[in-house]
Amino acid sequence: MITEQIRIHENFGSRHLTSPRNVMVYLPPGYGADAARRYPVMYMHDGQNLMNPAEAFGGVVWGVDQTAQGLILTEQIEPLI
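For the sequence shown, my numbering puts the final residue at 87, and the numbers step up evenly by one.
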């Protein structure tokens, strides 16, 4: 997990959830440098397996943050959240 690029929103609540959950958000390199810049957002709904080995089923993560980071840094995709 690329911890410096991850923000965790603890106990995130919604009328669509039966109970609050922690939400992990990957932020691309340079995020925050330009307050007016807007980023596309990719939503993924299997949070326990996306980035954090401590929470992943069987301890195996998909590495979504690392994949996004690598693709952004090699300019294969535009920066995204």
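Glycine included, C-beta positions come from ideal geometry on N, C-alpha and C.
Task: residue 78 in three-state terms, based on DSSP - done: Taking the sequence shown and counting its residues from 1, the one referred to as residue 78 is at position 72. In the three-state scheme derived from DSSP, where H, G and I count as helix and E and B as strand, residue 78 is classed as helix.
Open item on the list: Let me confirm a value: residue 74 is counted as buried when at least 16 other C-beta atoms fall within 10 Å, else exposed. Which label applies?
Closed with: Position 68 of the sequence shown, counted from the first residue, corresponds to residue 74. By the 16-neighbour rule on beta-carbons within 10 angstroms, residue 74 is buried.
Open item on the list: Would residue 45 and residue 70 be called neighbours here (beta carbons separated by less than 9 Å)?
Closed with: Taking the sequence shown and counting its residues from 1, one reaches residue 45 at position 39. Taking the sequence shown and counting its residues from 1, one reaches residue 70 at position 64. Residue 70 sits away from residue 45, with the two beta carbons spaced by 9 Å or more.
Task: Rounded C-alpha distance that separates residue 14 from residue 55 - done: Stepping through the sequence shown from its first residue, residue 14 is reached at position 8. Stepping through the sequence shown from its first residue, residue 55 is reached at position 49. If I take the Cα positions, the gap works out to 15 Å.
- [ ] Please name the residue or residues paired with residue 18 in a DSSP beta bridge.
- [x] As a working mapping, residue 18 is identified with position 12 in the sequence shown. According to DSSP, which records beta bridges pairwise, residue 18 is partnered with 27.
Task: C-alpha distance - residue 67 paired with residue 12, whole-angstrom precision - done: Translated into positions along the sequence shown, residue 67 becomes position 61. Translated into positions along the sequence shown, residue 12 becomes position 6. One C-alpha to the other measures close to 15 Å.
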